[in-house]
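Presented below is the structure to which this report refers.
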Amino acid sequence: MPQNEHIELFQKRYGFRMDYQERQRKKKAREHKLQSKMAQKLIGIKGKIFAKKRYSEKVQLKRTIKAHEEKKTRKKEDGKVPEGAMPAYLLDRENTSQAKLLSSMVKQKRKEKAGKWDVPLPKVRAQSEAEVFRVLKTGKSRRKGWKRLVTKVCFVGEGFTRKPPKYERFVRPMALRFKKAHVTHPELKATFCLPIVGVKKNPNSPMYTSLGVITKGTIIEVNVSELGLVTQGGKVVWGKYAQVTNNPENDGCINAILLV
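So the sequence shown is residues 334 to 593, counted in my numbering.
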């Protein structure tokens with residue numbers, strides 16, 4: 334069988350390529366099933382050790398969630414009783430303080446467990462490689478099929494230079510390269526045309542993210558310096574994330590909602 338034909342047959346049959354990251358993600362998603370199976374099968378000392386380990390993990394997770402819920406609660410301060418008499422209108426008041434119980438490490442772990450994004454479009458339609466790429470036939474007799482032409486809108490950096498045609502694996506046409514997006518601020522109810530800084534995550538595939546392919550549901554980073562947004566410390570916010578809400582290849586423009 335000629336070069337790469339078996340890969341194309343697999344792609345046509347299943348509609349996607351199972352890469353390493355995808356396999357790892359699916360393996361992690363199936364872990365709870367494996368744990369449940371082991372809990373039912375293990376007996377004796379191994380079963381006791383496994384049950385104790387699972388119990389400690391669950392207790393730790395519940396404590397973390399409880400601590401996060403109590404982070405902003407106001408608790409009574411167990412301090413020394415002040416000397417001297419207090420006025421009648423202050424007797425029913427309690428000295429309070431905000432309990433900051435979570436360290437940055439615990440916050441980060443919980444953030445990874447709960448999911449990083451709270452986005453306007455939590456679910457999007459999956460797009461296979463056969464839909465995003467078109468096979469380019471090359472060689473003297475047009476028999477080689479290792480090149481792919483990107484058929485979706487994409488973003489490349491400012492100093493991007495194409496590789497020589499002999500070594501270029503993925504071809505991103507000039508007509509499909511976008512530099513700006515129409516970003517809507519959900520609180521200001523206004524839309525701004527902002528320059529794109531980069532593609533943070535394409536939910537369909539890590540390969541699409543690395544290539545800068547922009548489809549519906551993609552998280553992009555935009556330059557919001559001209560909006561005048563500032564942090565609590567008074568620093569100007571330069572870049573913020575936004576989610577693409579339309580199909581750019583059909584509309585000819587990128588519409589997105591700012592994640593605030």
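Glycine residues also receive a C-beta, built at the ideal position from the N, C-alpha and C atoms.
The model shown is predicted, which means the values in this text are computed figures rather than measured ones.
Residues in its own chain within less than 8 Å of residue i by CB, not counting five upstream and five downstream?
i: Val593; result: His518, Pro519, Glu520 and Lys573
i: Asn580; result: Thr548 and Lys549
i: Ala523; result: Thr517
Nearest CA to the CA of residue i: which residue from the options?
i: Lys513; options: Trp479, Val530 and Gly377; result: Val530
i: Val486; options: Arg495, Gly545 and Lys473; result: Gly545
i: His365; options: Ile587, Lys391 and Asp352; result: Lys391
i: Leu482; options: Ile398, Arg467 and Thr494; result: Arg467
i: Val439; options: Lys395, Met419 and Arg505; result: Lys395
i: Leu509; options: Gln393, Lys379, Asn583 and Arg358; result: Asn583
i: Leu591; options: Val452, Glu416 and Phe511; result: Val452
i: Met507; options: Lys499, Tyr500 and Phe493; result: Phe493
i: Lys473; options: Glu491, Lys499 and Ala459; result: Lys499
Note down, in chain order, each residue of its chain lying with its Cβ closer than 6 Å to the Cβ of residue i, except the 5 sequence neighbours on either side.
i: Thr471; result: Lys477 and Lys480
i: Ile552; result: Lys533, Lys534, Tyr574 and Gln576
Can residue i and residue j be called in contact, C-beta distance under 8 Å?
i: Ala589; j: Val577; result: yes
i: Val504; j: Thr484; result: no
i: Ala372; j: Arg358; result: no
Short of 7 Å in beta carbon distance, which residues of its chain neighbour residue i, apart from the five on each side in sequence? Order them along the chain.
i: Leu560; result: Phe525
i: Cys586; result: His515
i: Val563; result: Val569 and Val570
i: Ser543; result: none
With a cut-off of 8 Å, does the C-beta of residue i fall near any C-beta of chain D?
i: Lys399; result: Going by chain labels, chain D is absent from the structure shown, which holds only one protein chain.
Can you round the beta-carbon distance between residue i and residue j to whole angstroms, since I take them to be within the 8 Å contact cut?
i: Ile547; j: Val532; result: 6 Å
i: Lys549; j: Val457; result: 5 Å
i: Pro528; j: Val555; result: 7 Å
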